[in-house]
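Beneath this line is the structure, given in structure tokens, with notes to follow.
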Amino acid sequence: MSEDTDALDVVHECSVEGFDKAFKGLDKAIAVYTQPGCPHCKTTLDVLKTVSDKTSVPLAEIDLADQECVRLADVHEIASTPTILLINKGAILEKFTPSGMTLKQIGEYVQDKLAKMPPPAKDEDLKEKVSDALARLENLEPFSSEPSEGSPPTP
Numbered sequence: 002m003s004e005d006t007d008a009l010d011v012v013h014e015c016s017v018e019g020f021d022k023a024f025k026g027l028d029k030a031i032a033v034y035t036q037p038g039c040p041h042c043k044t045t046l047d048v049l050k051t052v053s054d055k056t057s058v059p060l061a062e063i064d065l066a067d068q069e070c071v072r073l074a075d076v077h078e079i080a081s082t083p084t085i086l087l088i089n090k091g092a093i094l095e096k097f098t099p100s101g102m103t104l105k106q107i108g109e110y111v112q113d114k115l116a117k118m119p120p121p122a123k124d125e126d127l128k129e130k131v132s133d134a135l136a137r138l139e140n141l142e143p144f145s146s147e148p149s150e151g152s153p154p155t156p
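Position 45 of the sequence shown, counted from 1, bears residue number 46 in the working numbering, the numbering being contiguous throughout.
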């Protein structure tokens with residue numbers, strides 16, 4: 002799944018497996034737990050949609066009206082809504098409930114956290130790191146069980 006995917010539908014199956022599958026290939030993503038009747042969920046979701054549009058970071062709403070999603074919320078230890086999850090390389094980097102934050106503060110906070118996440122590794126970077134590691138390995142002296150000069154004798 003690419004980062005430009007419209008991820009509002011990304012969690013097709015509210016299970017740990019479905020959640021992991023939905024976010025597995027994403028470098029960055031935002032998920033928000035909501036529920037019917039939550040007075041702050043819609044406005045928070047609107048702010049997160051704006052952040053998602055500005056940053057091209059996928060956003061998923063996990064609606065607790067679905068009983069399966071309630072089980073997933075238990076796994077993620079969600080105590081109230083809205084609860085926002087910031088996801089980096091498929092792992093939950095941060096989970097928070099924006100209590101006491103203005104909508105502007107929520108947007109700024111999420112954008113700041115997303116900007117500070119490490120960028121995805123480029124294939125060239127990985128190739129260079131592997132080449133460097135192999136070169137260091139080639140330069141290592143072979144291990145010897147014989148004591149080296151100046152080492153204390155073993156009893």
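Even glycine gets a Cβ: it sits at the ideal position worked out from N, Cα and C.
Computed from a prediction, not measured in an experiment: that's the story for all the values here.
If we ignore side chains and look at the alpha-carbon of each, how far apart do Asp75 and Leu87 end up?
17 Å
Would you kindly check if the distance between the Cβ of Thr103 and the Cβ of Tyr34 is under 8 Å?
no
Enumerated in chain order, which unbroken segments of the beta strand (DSSP E) with a length of 3 residues or greater are wholly contained in the segment 12-69?
29-35, 60-64
Does the distance from the C-beta atom of Thr51 to that of Gly101 stay below 8 Å?
no
Start-to-end residues for the alpha helix (DSSP H) that takes in Ile107
104-117
What are the boundary residues of the beta strand (DSSP E) that Ala92 is part of?
92-97
Is the segment 109-116 touching the segment 41-60, taking contact as three or more C-beta pairs under 8 Å?
Yes, they touch.
Please name the residue in Asn89, Pro119, Glu78, Lys22 whose C-alpha comes closest to that of Ile31.
Asn89
The beta strand (DSSP E) enclosing Thr84, as first and last residue numbers:
84-89
Hey, Cys15 and Glu78 are a contact pair by Cβ (cut 8 Å); roughly how many whole angstroms apart?
The Cβ separation is near 15 Å, so there is no contact.
Rounded distance between the beta-carbons of Ile85 and Leu73, thought under 8 Å:
Between Ile85 and Leu73 the Cβ distance is about 15 Å, and since that is not below 8 Å, they are no contact.
Leaving out five residues before and five after Thr98 in sequence, what residues of the same chain have Cβ atoms less than 6 Å from its Cβ?
Cβ neighbours of Thr98 beyond the five flanking positions: Ser81, Thr84.
Reference Asp67; option with closest CA among Gln36, Glu95, His41:
Gln36
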